[in-house]
Amino acid sequence: MKGVILAAGKGSRLFPVTHHIPKPLLPLANRITLSYAFDQLKTMGVQDICVVVGENEGTMRTALGHGEAFGVNLSYARQTDPKGLAHAVGFAKDFVGEDSFVLYLGDAIYDQGFEAYAEQFRNSGCDNLNLVKEVEDPRRFGVANVEGDRIVKLVEKPQEPESNLAMAGMYIFGPALWSVLPDLRPSARGEYEITDAIQMLVDRGGNVQAGVYTGNWFDTGTLDSFIETSDFLTGGAIVQGEGASLQGTAGRHVVLGEGASVECAGIEDSVVLPGARVRATGTIRHAVLGGTMDVQGDLHSVVRWNDELA
12 MKGVILAAGK GSRLFPVTHH IPKPLLPLAN RITLSYAFDQ LKTMGVQDIC VVVGENEGTM
72 RTALGHGEAF GVNLSYARQT DPKGLAHAVG FAKDFVGEDS FVLYLGDAIY DQGFEAYAEQ
132 FRNSGCDNLN LVKEVEDPRR FGVANVEGDR IVKLVEKPQE PESNLAMAGM YIFGPALWSV
192 LPDLRPSARG EYEITDAIQM LVDRGGNVQA GVYTGNWFDT GTLDSFIETS DFLTGGAIVQ
252 GEGASLQGTA GRHVVLGEGA SVECAGIEDS VVLPGARVRA TGTIRHAVLG GTMDVQGDLH
312 SVVRWNDELA
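Residues 12 to 321 in my numbering are what the sequence shown lists, from first letter to last.
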């Protein structure tokens, strides 16, 4: 089994920081985001991984190399245009060949391992297994309608859900996926949707299964979710990278990257990126900060790099 990580997105909801650091490389608890994906894949016995990149390719290759530092073997594929998840995975076809593979979203964080789902996939002989999670409001998600372990229908953000099982961002596919991708058409938003590809497998009689996940699942694509994930991973602690310094009062959940320097009246619930130089006469709260800044007043609920604001 191989791995494919989708990491071509621009991270627009975390601009301007992601103008300077690709979202998959942003540090969470002072580890790059993708390192958590590598750890999850290794627990499933996956070491050969293709990272699908976009215009961030050069920075990603420089930062990750061939994967030796993470205990994996990395290859790369370039998505030429951002046209959806099913479009992106198609660029990894040559890498995957006829093997089964795990498709993993590069900005997703989970706190439980996936070994049981890999075993379910292998033992069932299914064409596709999808991680799903019970949620309170399924209307915000792609939703799986199931009969036993089998998915019989997928509905994207249904107004009247027939199920509370949300698609949770990890998929395992066999070779049958490659037979449906050429027949996909763009969705209403102009993208080739992975949920449409899975529905096509269902419609053609494929064995498509659900693996119910009961742990925590985080999407790190916004300021609020990035801070929430960081808080969870650190347990709300104060984490300082090597050479980092703080002059000011530290409250709950503060992460200072390697070499970062902060002077302020007080800081809490915030992430200061490696090498940043931050001075503020007021307090820092619920912020992600990078570069160099000297601010009169507070830095609250902000993503900032130098003088650039989201």
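Think of the CB as a built atom: it goes at the ideal place given N, C-alpha and C, for glycine as much as any other residue. Here the structure is a predicted model, which means the values were calculated and not measured.
Check	Outcome
Whether Glu3 touches Gly252 by CB criterion (8 Å)	Residue 3 is absent from the model: the chain starts at 12 and stops at 321.
Cα-Cα separation, Gln51 to Leu39	15 Å
Residue closest to Pro149, alpha-carbon to alpha-carbon, out of Cys137, Val157, Asn141 and Val166	Val166
Coil, strand or helix - His264 by DSSP	coil
For Ala177, three-class secondary structure by DSSP	strand
Three-way DSSP call (helix, strand, coil) for Met71 in this model	helix
Contact belief for Ser241 with Val266 at Cβ below 8 Å, rounded distance in angstroms	6 Å
Contact under 8 Å by Cβ, Gly232 with Leu25	yes
Chain-order list of residues whose beta-carbon lies under 8 Å from that of Asp309 (same chain, five-residue window excluded)	Ala291, Gly293, Thr294, Ile295 and Arg296
Own chain partners of Pro197 with C-beta closer than 7 Å, once the 5 adjacent residues on each side are dropped	Tyr203
Inter-stretch contact at 8 Å, needing at least 3 Cβ pairs: the segment 103-122 / the segment 67-77	no
Asn41 - DSSP class collapsed to helix/strand/coil	coil
Host alpha helix (DSSP H) of Gly101 (start-end)	Leu96 to Gly101
Simplified DSSP assignment, three categories, for Phe112	strand
Stretch pair the segment 143-157 + the segment 122-135: three plus CB contacts closer than 8 Å	no
Cutoff 6 Å; reference Asp218; Cβ partners in own chain excluding five residues on either side	Note on residue identity: the sequence assigns Asn, not Asp, to residue 218. Excluding sequence neighbours, Asn218 sits near Cys137 and Asp138.
Chain-order list of residues whose beta-carbon lies under 6 Å from that of Gly124 (same chain, five-residue window excluded)	Thr54
Cβ neighbours of Leu244 in the same chain (closer than 6 Å, five flanking residues each side left out)	Leu39 and Ala40
Per DSSP, the bridge partner or partners of Gln220	Leu140 and Arg161
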